[in-house]
Amino acid sequence: MDIRQLRYFMAVVEEGTISAAAKKLHLSQPPLSKQMKMLEEEYGVPLFERGSRHIRITQAGSTLYRYASEIVDLAGAAADELSGLRAGKFGTLRIGMVSSCRSEVLDRALHRFREERPEFRFRVTEGNTYELLEKIRKFEIELALVRTPYPETGLEQIQLGEERMVVAGPAALIAAGRDGGAAPKGSASPDEMTPYPVTPDPFLPEPLSLEALSGVPLIIYRRWETLLHDRFRVRDIEPRVVCICDDARTALQWAAAGLGAAVLPSALLARDVAASRADWIIRGLSDEKLMTRLTCVRLREAAHTSQSDRLFRILEEENEKKSSRQGPA
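Per the UniProt record's numbering, the very first residue in the sequence shown carries number 1; after that it's consecutive.
Spelled out as structure tokens, the structure:
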């Protein structure tokens, strides 16, 4: 097996027929068919189910396609970086970022890095924290900007900022939960709910206590499930969790449908969304343990490229400058 064969294989899968793949690759059909047969013989499993008009990928073929995609992408990234080095450029820095990644320290560090290395390019991968940590450990990216909590074993990290956890959802639904009543049912849409005082900025006074959420149907992130349950348990409260999800958009979509109140990091609640929901309550949570931190991580025991090491050091320096400006707590 080589990169060329994997590219051929991916083309056949994506085009659905040998003839279409051969046309895309500017090959005749017999050599391409032979390459597919060679792959099947090498692995000892059929990769396709061949029909009269189309071919269908098998489970083994699907597995190979997943790995082939990663291998071809990595080979392309390596070729790009080596090409940049030959041309006298610095190459490409591969980093991963969680969504809504906002940090003054990060902004300053990226500007400094670009000033030092103006010809440098970034290859940015977006994903959730666990996806990015997996890519770090597979050496697919060099640095990752992620949110706590996560397993810290084997990682070197820089804290870039803190975010308060907030609760956001229909005012009447949250008010009903606070009063011990039942949540509004299907007959009442979010637009028909009675307004309740709203604070678009979650960092303004009067955050909500967990006691105030004891009867409210909650939509929570899977990663914060244990932490939230622990904080409720400290107060002898059994939270009413109606949905556990992995994406802020899902949480907000369910909240907008009147199914519950979303609990999520403040950075994931866009201000334009908050300001447009006049029928919502949006508050920070008063429990000081319910915070998430934005961090930059890399593998502790690994050989780092000069470019990734330089950006990591700039982040450390900018973080120290920010701490100095803020003074002692």
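Beta carbons: idealized from backbone N, C-alpha and C, even for Gly. Just so we're clear, the structure is a prediction, and the values are computed from it rather than from any experiment.
ask   = Which residue comes first and which comes last in the beta strand (DSSP E) that contains L208?
value = Segment: none, L208 is in no beta strand (DSSP E) and carries neither H nor E.
task = Answer with buried or exposed for L153, where buried requires no fewer than 16 other C-beta atoms within 10 angstroms of its C-beta.
result = With the sequence shown as reference, residue 153 is identified as Thr, and Leu is not the correct amino acid for it. So T153 ends up on the exposed side.
key: Residue burial classification, E81 (beta-carbon count within 10 angstroms, cutoff 16)   = That one is buried.
task = With a 10 Å radius around its C-beta and 16 neighbouring C-beta atoms as the bar for buried, classify M97 as buried or exposed.
result = Buried, by the Cβ-count rule.
task = For the stretch 222-276, list the alpha helix (DSSP H) runs that are entirely contained and at least 4 residues long, ordered along the chain.
result = Runs of the alpha helix (DSSP H) lying entirely within the stretch 222-276, each at least 4 residues long, are 225-234, 248-256 and 271-276 in chain order.
ask   = Between R240 and P207, is the Cβ-Cβ spacing less than 8 angstroms?
value = Taking 8 angstroms as the Cβ cut-off, R240 and P207 do not qualify as a contacting pair.
query = Can you tell me the Cα-Cα spacing of M291 and A171, whole angstroms?
reply = So the alpha carbons of these two residues sit roughly 23 angstroms apart.
ask   = Would you call the stretch 109-119 and the stretch 257-265 in contact, with 3 or more CB pairs under 8 angstroms?
value = Using a C-beta cut-off of 8 angstroms, the stretch 109-119 makes no contact with the stretch 257-265, since fewer than three inter-stretch Cβ pairs fall below that distance.
ask   = Which two residues bound the contiguous beta strand (DSSP E) that contains I281?
value = The continuous beta strand (DSSP E) containing I281 extends over residues W280 to G284.
key: Whole-number beta carbon distance between L252 and V166, since they are thought to touch under 8 angstroms   = About 11 angstroms separates the beta carbon of V166 from that of L252, a gap too long to meet the 8 angstroms contact definition.
message = Here's the rule I'm using: 16 or more other beta-carbon atoms within 10 Å means buried, otherwise exposed. How should S19 be labelled?
response = It is exposed - the Cβ of S19 has fewer than 16 other Cβ atoms within 10 Å.
key: Which listed residue (E163, L27 and A255) has its alpha carbon closest to that of R102   = Ranking E163, L27 and A255 by CA distance to the CA of R102 puts E163 first.
query = Going along the chain, which unbroken runs of the alpha helix (DSSP H) with 4 or more residues stay wholly within the stretch 52-121?
reply = Counting only runs that start and end inside the stretch 52-121, the alpha helix (DSSP H) elements of at least 4 residues fall at 59-86 and 104-116.
inquiry  = What does the Cβ neighbour count give for R298, buried or exposed, with the cut at 16 atoms within 10 Å?
reply    = Counting C-beta atoms within 10 angstroms of its own C-beta, R298 has 16 or more neighbours from the protein chains shown and is therefore classed as buried.
request  = For E320, count neighbouring Cβ atoms within 10 angstroms of its own Cβ and tell me buried if that reaches 16, exposed if not.
outcome  = Under this definition E320 is an exposed residue.
inquiry  = Within 10 Å of its beta-carbon, does D287 have 16 or more other beta-carbons around it, so buried, or fewer, so exposed?
reply    = By the neighbour-count rule (16 or more Cβ atoms within 10 Å), D287 is buried.
ask   = Taking C-alpha atoms, which residue in G127, T148, F312 and T17 lies nearest to S33?
value = Closest by alpha carbon: T17.
inquiry  = In whole angstroms, give me the CA-to-CA distance for E301 and L64.
reply    = Cα-Cα distance, rounded: 30 angstroms.
task = Leaving aside the five residues before and after A75 along the sequence, list all residues of the same chain whose C-beta is less than 8 angstroms from its C-beta, in chain order.
result = Take A75, set aside five residues on each side of it, and the residues of its chain with a beta-carbon closer than 8 angstroms to its own are I3, in chain order.
key: Residues of its chain near Q5, where Cβ-Cβ distance is below 8 angstroms and the 5 sequence neighbours each way are ignored   = Hits under 8 angstroms: Q35, M38 and L39.
request  = Answer with buried or exposed for Y8, where buried requires no fewer than 16 other C-beta atoms within 10 angstroms of its C-beta.
outcome  = By the neighbour-count rule (16 or more Cβ atoms within 10 Å), Y8 is buried.
key: Residues near E316 by beta carbon distance below 6 angstroms, same chain, minus five either side   = Here the set comprises I158.
ask   = Is E140 helix, strand or coil by DSSP?
value = The answer is coil: DSSP assigns E140 none of H, G, I, E or B.
task = With a threshold of 16 other CB atoms inside 10 Å of the CB of V105, please say whether the residue is buried or exposed.
result = By the 16-neighbour rule on beta-carbons within 10 angstroms, V105 is buried.
task = Quickly, what does DSSP pair L294 with across the bridge? List them, please.
result = R147 and G161, per the DSSP bridge assignment.
ask   = Which two residues bound the contiguous beta strand (DSSP E) that contains R50?
value = Looking at the DSSP string, the run of the beta strand (DSSP E) that includes R50 is F48 to R50.
inquiry  = Can you give me the C-alpha to C-alpha distance between residue 332 and E142, rounded to a whole angstrom?
reply    = Outside the shown range of the chain, which is 1 to 329, sits residue 332, and nothing can be said about it.
message = Using the three-state DSSP reduction, which class does R300 fall into: helix, strand or coil?
response = In this structure, R300 counts as coil in the three-state DSSP scheme.
message = Quick check on this structure: which residue in M10, E70, I71 and P31 has the alpha carbon closest to the alpha carbon of F48?
response = The residue with the shortest Cα to Cα distance from F48 is M10.
ask   = Among residues of its own chain, excluding the 5 on either side of R112, which ones have a beta-carbon nearer than 6 angstroms to its beta-carbon?
value = Once the five neighbours on either side are set aside, the close Cβ partners of R112 are I314.
task = Just tell me which of R283, I282, Y221 and G51 has its CA closest to the CA of T148.
result = Ranking R283, I282, Y221 and G51 by CA distance to the CA of T148 puts Y221 first.
request  = State the Cα-Cα distance for the pair V12 and A22, rounded to the nearest angstrom.
outcome  = Looking at the two C-alpha atoms, the distance is approximately 8 angstroms.
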